[in-house]
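Letter by letter, the sequence shown follows residues 425 to 496 of our numbering.
The beta carbon of each residue, even a glycine, is placed where N, CA and C say it ideally should be.
Step one of this worksheet: look at the structure below.
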Amino acid sequence: SIGANVFEAQNAESRADFIHKMKIAAKEASETLYWLILCEQSPAYYYDANLKESLDEIIRILSKIIATSKSY
Numbered sequence: 425s426i427g428a429n430v431f432e433a434q435n436a437e438s439r440a441d442f443i444h445k446m447k448i449a450a451k452e453a454s455e456t457l458y459w460l461i462l463c464e465q466s467p468a469y470y471y472d473a474n475l476k477e478s479l480d481e482i483i484r485i486l487s488k489i490i491a492t493s494k495s496y
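As structure tokens, then:
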């Protein structure tokens, strides 16, 4: 899950390990976005645009954390 990987990154053994765990969290967020898009396309599932907006923000935050961590 996104949250579990971010939580695990907080106890990373190195900067490289931190970046790796944050990248996994970002990939999990992308997968979640995929499922939200499928829900949006299907009348059988409830879809809330606010969820997608929140997830987009999470993806942007994770991307910025990764980029900033790489630059140090």
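Contact between the stretch 482-490 and the stretch 441-450 is present: three or more C-beta pairs spanning the two stretches fall below 8 Å.
Here D480 carries a helix assignment [DSSP, helix/strand/coil]. Taking a C-beta distance under 9 Å as the contact criterion, I485 and E452 do not qualify as a contact pair.
For the alpha helix (DSSP H) assignment, the uninterrupted runs of no fewer than 4 residues enclosed by the stretch 438-488 are, from N- to C-terminal side, 439-465. When DSSP states are grouped into helix, strand and coil, S425 belongs to the coil group. Going by C-alpha positions, Y458 is about 11 Å away from L479.
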